[in-house]
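Student: The working numbering numbers the first residue of the sequence shown as 2 and each following residue consecutively. All C-beta atoms, glycine included, are put in the ideal place defined by N, C-alpha and C.
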Amino acid sequence: MPSASDHSFSFPILIGDIGGTNARFALLVDAASEPTQLPPIKTGDFATIEEALLKSIFDKISERPRSAILAVAGPIKSDEIPLTNAGWVIRPKDMLARLELEDVLVINDFEAQALAIAAPADQDVAQIGGGSVRPRSSRVVLGPGTGLGVAGLVFAQDTWIPVPGEGGHVDIGPRSERDFQVWPFLDPIEGRMAGEQILCGRGIMNLYRAVCAADGREPSLKDQAEVTTNALSGDDPAAVETVSLFSTYLGRVAGDMALVFMARGGVFLAGGISQKILPALMRPEFRAAFENKAPHSALMRTIPTFAVVHPMAALSGLAAFARAPRDFGVAMEGRRWRS
């Protein structure tokens with residue numbers, strides 16, 4: 002096992018973002034090149050990552066990778082890494098052997114999202130509300146998707162240091178009169194309401210059903226796509242309110258995380274849901290909830306918030322790290338394997 006101070010990776014480098022449903026890969030040929038996007042893979046179509054790469058990726062590239070840097074949705078505690086929302090178990094030793102790799106690093110998926118917000122291009126983000134970025138200051142990324150991912154990005158000793166965690170599971174509670182009407186109808190998790198119970202795909206449905214129940218109406222929309230589509234078109238009042246409340250609650254949690262990290266470098270919303278409901282997030286509710294943090298509301302008004310609109314932000318973050326690992330304080334101990 003290399004030491005944490007050994008930063009070098011051999012090119013070409015395969016980078017991968019492995020989520021609950023899709024695995025996305027790109028190949029970085031050298032430090033000067035842009036990553037070459039490779040066909041996305043449905044994790045359910047293959048029994049293992051080795052099978053998926055051999056059958057769907059390696060026959061489409063002319064150069065075999067020598068290293069792999071993967072971001073996975075799941076805890077990295079041993080030589081066997083189960084994914085939280087998919088059937089794969091990542092076994093880096095098997096990858097070294099079967100794929101003839103020299104080096105495999107596995108990090109948390111939201112560490113990769115945090116790496117992507119160190120220096121995002123202007124066209125890759127859309128600002129929501131006011132505030133301005135303070136350079137070389139802490140940042141936060143939140144991503145409502147299959148779950149609610151949260152990570153910090155701290156700048157210290159001339160290095161960007163991603164801080165992964167499980168911030169999506171913090172408690173969230175009612176504040177407004179309408180909250181107290183809706184809250185009794187929300188499905189909790191083991192007796193409590195965590196942010197992820199509302200601020201994710203299934204959470205949208207949890208919230209939509211609760212809004213309908215609070216008003217004594219039968220829910221007519223079947224999934225989150227129907228709810229968000231009807232909310233943005235204004236065709237269904239319960240859907241409109243669901244996405245409005247979703248934006249409010251996301252603003253509250255985003256503000257909490259901004260306070261935890263003193264994120265004067267900005268708070269960034271990643272993931273497909275944020276992109277899908279961006280028109281709703283641009284309305285007053287999200288930003289008002291974000292700033293409503295007495296006694297620190299004046300401070301909160303100075304902190305900018307952004308939606309990440311880059312379609313492959315995690316891969317962008319991994320590529321930035323792969324090109325210049327010494328610029329980032331990514332912990333490698335216990336998460337890096339070599340042949």
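Output needed for residue 129: all residues of its chain with C-beta closer than 7 Å, excluding positions within five of it in sequence on either side, in chain order.
Tutor: Locating residue 129 in the sequence shown gives position 128, counting from the first residue. Cβ within range, chain order: 282, 283, 287, 288, 306, 307 and 308.
Student: Let me know the secondary structure DSSP gives residue 94 once reduced to three states.
Tutor: Stepping through the sequence shown from its first residue, residue 94 is reached at position 93. Residue state, collapsed to three classes: helix.
Student: Round the Cβ separation of residue 20 and residue 147 to the nearest angstrom and send it over; I've been treating them as touching at under 8 Å.
Tutor: Locating residue 20 in the sequence shown gives position 19, where the first residue counts as 1. Locating residue 147 in the sequence shown gives position 146, where the first residue counts as 1. Yes, residue 20 and residue 147 are in contact; Cβ-Cβ is about 7 Å, under 8 Å.
Student: For residue 43, list the residues DSSP reports as bridge partners.
Tutor: As a working note, residue 43 is residue 42 in the sequence shown. Paired residue(s): 23.
Student: When the Cα atoms are used, what is the spatial distance from residue 81 to residue 17?
Tutor: The sequence position of residue 81 within the sequence shown is 80, counting from 1. The sequence position of residue 17 within the sequence shown is 16, counting from 1. Roughly 17 Å separates the two Cα atoms.
Student: Using 10 angstroms around the beta-carbon of residue 68, count the other beta-carbons present and answer buried if the total reaches 16, otherwise exposed.
Tutor: Start at 1 with the first residue of the sequence shown, and residue 68 comes out as number 67. A residue is called buried once 16 or more other Cβ atoms fall within 10 Å of its Cβ, and residue 68 is buried on that count.
Student: Give the straight-line distance between the Cα atoms of residue 314 and residue 291, rounded to the nearest whole angstrom.
Tutor: Reading the sequence shown from its first residue, position 313 is the one you call residue 314. Reading the sequence shown from its first residue, position 290 is the one you call residue 291. Those two C-alpha atoms are separated by around 23 Å.
Student: Taking the alpha-carbon of residue 99 as reference, which of 51, 300 and 302 has the nearest alpha-carbon?
Tutor: Counted from its first residue, the sequence shown places residue 99 at position 98. Taking only the C-alpha atoms, the option nearest residue 99 is 51.
Student: Report yes if the CB atom of residue 142 is closer than 7 Å to the CB atom of residue 271, and no otherwise.
Tutor: To locate residue 142, count along the sequence shown from 1; it is residue 141. To locate residue 271, count along the sequence shown from 1; it is residue 270. Yes.
Student: To which residues of the same chain is residue 303 closer than 6 Å at the C-beta, ignoring the five residues directly before and after it?
Tutor: What you label residue 303 is simply residue 302 of the sequence shown in a count that begins at 1. So the list reads 132, once near-sequence residues are dropped.
Student: Which of the three DSSP states, helix, strand or coil, is assigned to residue 12?
Tutor: Sequence index remark: in the sequence shown, residue 12 carries index 11 (1-based). Coil.
Student: In terms of alpha-carbon separation, which member of 316, 331, 94 and 254 lies closest to residue 39?
Tutor: Along the sequence shown, read from residue 1 onward, the residue named residue 39 stands at position 38. If we check each option's Cα against that of residue 39, 316 comes out closest.
Student: Taking only heavy atoms of the ligand NAP into account, decide whether any of them is closer than 6 Å to the Cβ of residue 35.
Tutor: You won't find the ligand NAP in this model; it holds no ligand whatsoever.
Student: Output the distance between the C-alpha atoms of residue 330 and residue 158, rounded to the nearest integer angstrom.
Tutor: Residue numbering aside, residue 330 sits at position 329 when the sequence shown is read from its first letter. Residue numbering aside, residue 158 sits at position 157 when the sequence shown is read from its first letter. About 10 Å.
Student: What residue does the alpha helix (DSSP H) around residue 325 start on, and which one ends it?
Tutor: One-based indexing of the sequence shown puts residue 325 at position 324. Counting along the chain, residue 325 falls outside any alpha helix (DSSP H), and DSSP gives it neither H nor E.
Student: Report yes if the CB atom of residue 116 is closer than 7 Å to the CB atom of residue 323, and no otherwise.
Tutor: Position 115 of the sequence shown, counted from the start, is the residue given in the question as residue 116. Position 322 of the sequence shown, counted from the start, is the residue given in the question as residue 323. No, the pair does not count as a contact, with Cβ atoms beyond the cut-off.
Student: Quick check on DSSP: helix, strand or coil for residue 37?
Tutor: Within the sequence shown, numbered from 1, the residue matching residue 37 stands at position 36. Three-state DSSP puts residue 37 in a strand.
Student: Spatial neighbours of residue 250 within its chain, please: CB distance less than 7 Å, with the 5 preceding and 5 following residues excluded, ordered by chain position.
Tutor: Here residue 250 is taken as the residue at index 249 of the sequence shown, counted from 1. Once the five neighbours on either side are set aside, the close Cβ partners of residue 250 are 173, 199 and 200.
Student: What residue range is occupied by the uninterrupted beta strand (DSSP E) comprising residue 152?
Tutor: Taking the first residue of the sequence shown as 1, we reach residue 152 at position 151. Unbroken beta strand (DSSP E) run through residue 152: 149-157.
Student: Helix, strand or coil for residue 17 per DSSP?
Tutor: Your numbering for residue 17 matches position 16 in the sequence shown. Note: residue 17 maps to strand in three-state DSSP.
Student: Looking at residue 240: is its Cβ nearer than 7 Å to the Cβ of residue 232?
Tutor: Taking the sequence shown and counting its residues from 1, the one referred to as residue 240 is at position 239. Taking the sequence shown and counting its residues from 1, the one referred to as residue 232 is at position 231. For residue 240 and residue 232, yes; Cβs fall inside 7 Å.
Student: Per the contact definition of three or more C-beta pairs closer than 8 Å, is the region 85-96 in contact with the region 43-50?
Tutor: yes
Student: Grab me the residues of residue 268's own chain with a C-beta within less than 6 Å of its C-beta, minus the 5 sequence neighbours each way, in chain order.
Tutor: To locate residue 268, count along the sequence shown from 1; it is residue 267. Excluding positions up to five away in sequence, the list reads 141, 255, 259 and 306.
Student: With DSSP as the reference, please indicate the residues paired to residue 307 in a beta bridge.
Tutor: The residue you call residue 307 lines up with position 306 of the sequence shown. BP columns for residue 307 point to 128 and 269.
Student: Starting from the Cα of residue 36, find the closest Cα among 56, 55, 13 and 54 and give me that residue.
Tutor: Counted from its first residue, the sequence shown places residue 36 at position 35. Checked all of 56, 55, 13 and 54; the closest Cα to residue 36 is 13.
Student: Per DSSP, what kind of secondary structure is residue 68 in: helix, strand or coil?
Tutor: Counted from its first residue, the sequence shown places residue 68 at position 67. It is a strand residue.
Student: What separation, rounded to the nearest whole angstrom, lies between the Cα atoms of residue 341 and residue 197?
Tutor: Missing from the structure shown is residue 341; the chain here goes from 2 to 340 and no further.
Student: My output table needs one value for residue 143: the three-state DSSP class, helix, strand or coil.
Tutor: Here residue 143 corresponds to residue number 142 of the sequence shown, with the count starting at 1. If DSSP states are grouped into helix, strand and coil, residue 143 belongs with the strands.
Student: Hey, residue 352 and residue 195 are a contact pair by Cβ (cut 8 Å); roughly how many whole angstroms apart?
Tutor: Shown here, the chain extends from 2 to 340; a query on residue 352 therefore has no answer.
Student: Is it true that the CB of residue 243 sits closer than 7 Å to the CB of residue 279?
Tutor: Position 278 of the sequence shown, counting from 1, holds the residue named residue 279. Position 242 of the sequence shown, counting from 1, holds the residue named residue 243. No. Outside cutoff.
Student: Should residue 109 go down as buried or exposed, given a rule of 16 or more other Cβ atoms within 10 Å for buried?
Tutor: As a first step, residue 109 must be located in the sequence shown, where it is residue number 108. The residue in question, residue 109, is buried, as its Cβ has 16 or more Cβ neighbours within 10 Å.
Student: Under 8 Å by Cβ, that's how I've got residue 114 and residue 273 pegged, so tell me the actual separation to the nearest angstrom.
Tutor: Along the sequence shown, read from residue 1 onward, the residue named residue 114 stands at position 113. Along the sequence shown, read from residue 1 onward, the residue named residue 273 stands at position 272. Contact doesn't hold; Cβ gap of about 12 Å is too wide.
Student: Can you give me the Cβ contacts of residue 94 inside the same chain, cut-off strictly under 7 Å, excluding the 5 residues immediately before and after it?
Tutor: In the sequence shown, the residue the question calls residue 94 occupies position 93. Excluding residues within five positions, the ones whose Cβ falls inside 7 Å are 80 and 338.
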